[in-house]
Every structure is written in C-alpha cells, then in structure tokens.
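Undergrad: Have a look at the structure that comes next, please.
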Amino acid sequence: MLADQIKNYLDKVGIHYAWVMAAIVFSFTLATSTIASSPQILILPITQAHGWDISNVSIATGLMYFMTAILCPIGAPLMLRIGVINVVLIV
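Here it is in structure tokens:
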C-alpha cells in the first residue's frame, strides 16, 4: 500500500509519520477555513451580480455555520456507530 511505502521512506529520512499527518490536517484546515470565509469576502460582488440583499447572503452563510456547529458533534458518534460511508451517504 501507499501508506506503507511512504512510512518506509520517512523512516529512512528520519521523519515521523505523525508529522506528515499533522501537516496534511493543517493544510486541509487552512483550505476549508479559507473556502468557508469566501462569502464574506465576495459578499458585495455576489449581491451586485445577482441582485440579492446583503441580508440574504448573510443569512445563508450564518445558516451554514449553524448547521455545521449542530451536525459536527452528532456526526462523529454516528461515524463510530454506523460507519463513515453511511454517514456521508445520509448527509
């Protein structure tokens, strides 16, 4: 498997596998926070292009954050109980 090959290479170089995983998690966290904050940056061009009010875009963004805050604590136990694939298929 690819993970075993990467681990063997990292052992030769002297880097622990956990550092690679930490770098990947950091990169994904940075990317998702950047993508999630893009409506706030683009709110004026979005409202001007579609003729929407700023409040409509703000409500949609707030609802996204609210649903994420509600579903995250529920999602992890569900993934442990019924599996990741089943939770992804439900959502």
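The sequence shown begins at 28 in the working numbering and counts up by one.
By construction, the Cβ of each residue, glycine as well, lies at the ideal position given by its N, Cα and C atoms.
Remember, it's a predicted structure, so these values are computed and weren't measured experimentally.
1. Mind the definition here: the segment 57–76 touches the segment 84–97 only if three or more C-beta pairs lie below 8 Å; say whether that holds.
2. Can you give the Cα-Cα distance for Ser42 and Ala50, rounded to whole angstroms?
3. Compare the C-beta of Ile86 against all C-beta atoms of chain D and say whether one is closer than 8 Å.
4. Pick out whichever of Ser64, Arg108, Gln32 and Ala30 has its Cα sitting closest to the Cα of Tyr92.
5. Distance, Cα to Cα, Ala58 vs Asp38?
6. What first and last residue would you give for the alpha helix (DSSP H) that runs through Leu105?
7. Grab me the residues of Met106's own chain with a C-beta within less than 8 Å of its C-beta, minus the 5 sequence neighbours each way, in chain order.
TA: Quick answer:
1. yes
2. The sequence shown places Ile at residue 42, not Ser. Distance between the alpha carbons of Ile42 and Ala50 is about 12 Å.
3. Going by chain labels, chain D is absent from the structure shown, which holds only one protein chain.
4. Ser64
5. 28 Å
6. Ile81 to Ile109
7. Val114
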